[in-house]
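S.K.:
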Amino acid sequence: SDLRQGADMLVEHLITVHGLTRVGLIMGEDLSGLADPRELGWRDAQLRHALPEGPIARGVFSRPGGYAAMRRMIASGKLPQAVFASSDLQAIGVLRALHEAGLGIPGDIAVVTFDGSIEAEYSWPALTAARQPIADIAAEAFRMITESTETGEVFHLFPTELILRSSCGCSTT
Numbered sequence: 021s022d023l024r025q026g027a028d029m030l031v032e033h034l035i036t037v038h039g040l041t042r043v044g045l046i047m048g049e050d051l052s053g054l055a056d057p058r059e060l061g062w063r064d065a066q067l068r069h070a071l072p073e074g075p076i077a078r079g080v081f082s083r084p085g086g087y088a089a090m091r092r093m094i095a096s097g098k099l100p101q102a103v104f105a106s107s108d109l110q111a112i113g114v115l116r117a118l119h120e121a122g123l124g125i126p127g128d129i130a131v132v133t134f135d136g137s138i139e140a141e142y143s144w145p146a147l148t149a150a151r152q153p154i155a156d157i158a159a160e161a162f163r164m165i166t167e168s169t170e171t172g173e174v175f176h177l178f179p180t181e182l183i184l185r186s187s188c189g190c191s192t193t
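Here the sequence shown stands for residues 21 to 193, numbered as in my numbering.
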């Protein structure tokens, strides 16, 4: 799926709909040396609005990784108005760290995430997410494996879908 587009869409929503101008990033650790498209999308939206880059805390793509990264961001004293967690698993850890710190979501800080798994839907509060079209991706992968790829097509970007829930301040009713 188009990771950059999905991240950009989430941050754009926080800025234009909720008026949040300080958006932090909880990002997986970069082991490849290449920029992650989700981080680029997070930056794109801020640059488009001439906003300074929010704080970044990196951690493993896991619940404990998101938890530890959010605790570091809280401890830094530079808490943003919102945070974009680059995966649902990290976002679950982010929520725990914020709850333990006595911070209200979205009252004190909004949280958005990337993936749109069932965990995001059933977290508390339910997480606004850029959902990846997993069924479409799987169907395309199957098609590419089973059909001739003489066209040379080896890469297809699927757009993500913005799923609005209460963690950003949107009403869920």
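We put the beta carbon where it would ideally sit given N, CA and C, even for glycine.
1. Check whether the stretch 29-45 touches the stretch 98-117, counting contact only when three or more Cβ pairs, one atom from each stretch, lie closer than 8 Å.
2. Give the straight-line distance between the Cα atoms of L71 and T41, rounded to the nearest whole angstrom.
3. By Cβ distance, which residues of its chain are closer than 7 Å to E32, with the 5 residues on each side in sequence left out?
4. Out of Q152, V132, R151 and P179, which one is the CA nearest neighbour of C190?
5. Following the continuous beta strand (DSSP E) through A130, name the residue where it begins and the one where it ends.
6. Would you decide whether A27 is buried or exposed? Buried here means 16 or more other CB atoms lie within 10 Å of its CB.
7. Work out the CA separation of R63 and G122 for me, nearest whole Å.
8. In three-state DSSP terms, what is I76?
9. Does V114 come out as helix, strand or coil in the three-state DSSP assignment?
10. Determine the extent of the alpha helix (DSSP H) in which I94 is found, giving its start and end residues.
11. Put G189 into one of helix, strand or coil per three-state DSSP.
12. Consult DSSP for Q103 and reduce its assignment to one of helix, strand or coil.
13. Which of the three DSSP states is assigned to G26 in this structure?
14. When the distance is taken between beta carbons, is R78 closer than 9 Å to A89?
15. Using the Cα positions of H69 and L54, report the straight-line distance between them to the nearest angstrom.
16. Can the beta-carbon of E59 be found closer than 9 Å to that of I35?
M.R.: Inspection of the coordinates gives the following:
1. Segments in contact, yes.
2. Whole-angstrom Cα-Cα distance: 7 Å.
3. Short of 7 Å from the beta carbon of E32, and not among the five residues preceding or following it, lie these beta carbons of its own chain, in chain order: A65.
4. Nearest option by C-alpha distance: V132.
5. Element bounds for A130: A130 to D135.
6. Classification for A27: buried.
7. Answer to the nearest angstrom: the Cα atoms are 28 Å apart.
8. I76 carries a strand assignment under DSSP once its states are collapsed to helix, strand and coil.
9. Of the three classes helix, strand and coil, the one that applies to V114 here is helix, per DSSP.
10. Note, I94: alpha helix (DSSP H), R83 to A95.
11. Three-state DSSP puts G189 in coil, outside helix and strand.
12. For the record, residue 103 in the displayed sequence is Val; it is not Gln. DSSP places V103 in strand when its eight states are reduced to three.
13. Here G26 sits in helix by DSSP.
14. With respect to the 9 Å criterion, A89 and R78 are classified as neighbours on the basis of their beta carbons.
15. If you take the alpha carbons of H69 and L54, they lie about 25 Å apart.
16. No; because the gap between Cβ atoms is not below 9 Å, this pair is not in contact.
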